[in-house]
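Chemist: If you want the numbering used here, it's the 1-based position in the sequence shown plus 1224.
Glycine residues also receive a C-beta, built at the ideal position from the N, C-alpha and C atoms.
A single structure is presented below for examination.
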Amino acid sequence: MDQIYGTIIIVLLVLLFLALGRSGGMRREAGEELEEVNDSRRNKIEDDKEKIVKKIESEGRITNDDVQQLLRVSDATATRRLQELEDEDEIEQRGKGKNTYYVEAGQEEEGEEEEDLEQD
């Protein structure tokens, strides 16, 4: 009888060990999948910011509404992408309120060149 209980306990311990081992593997797999999703998301964000910079280079400026249409995102997401580019010193904000637009960092304000030429 003691042998039967001992065998049952050993079998249960082996099953428990196997179950824990599998769940650990599942956690690793889930972690790897999550990392892939995070990498994909980071790549998408960088691609979006690159699109914004290219649009500014070709058009000279961009607005929040332009970013929303370009990337097909919400106002909040467009604002976030523009702020990230500002924080990275890639672009500068000009104007206020509805007249806000963004240009490449270091770009002279409209009319600055003309004023400089007139002063010479």
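Can you round the beta-carbon distance between residue 1281 and residue 1310 to whole angstroms, since I take them to be within the 8 Å contact cut?
Modeler: Not confirmed; about 16 Å, so no contact.
Chemist: Give a yes or no on contact between the segment 1253–1262 and the segment 1279–1297, applying the rule of three or more CB pairs nearer than 8 Å.
Modeler: With a cut-off of 8 Å, the segment 1279–1297 and the segment 1253–1262 do not count as touching, because too few Cβ pairs lie within range.
Chemist: Where residue 1291 and residue 1258 are concerned, what is the direct C-alpha to C-alpha distance, given to the nearest angstrom?
Modeler: If I take the Cα positions, the gap works out to 28 Å.
Chemist: Quick check on residue 1317: does DSSP put it in helix, strand or coil?
Modeler: Here residue 1317 sits in strand by DSSP.
Chemist: When the Cα of residue 1287 is compared with those of 1271, 1228, 1319, which residue comes out closest?
Modeler: Among 1271, 1228, 1319, the Cα nearest to that of residue 1287 belongs to 1319.
Chemist: Between residue 1305 and residue 1278, is the Cβ-Cβ spacing less than 9 Å?
Modeler: Contact flag unset, no.
Chemist: Tell me which residue opens and which closes the beta strand (DSSP E) that residue 1328 is part of.
Modeler: That run of the beta strand (DSSP E) goes 1325–1328.
Chemist: Return the CA-CA distance between residue 1312 and residue 1303, expressed in angstroms with no decimal places.
Modeler: Taking the straight line joining both Cα atoms gives about 14 Å.
Chemist: For the alpha helix (DSSP H) that contains residue 1304, what are its first and last residues?
Modeler: That run of the alpha helix (DSSP H) goes 1299–1311.
Chemist: Within a Cβ cutoff of 6 Å, which residues of the same chain sit near residue 1254, ignoring the five residues on either side of it in sequence?
Modeler: For residue 1254, where only same-chain residues beyond five positions count, there are no Cβ hits under 6 Å.
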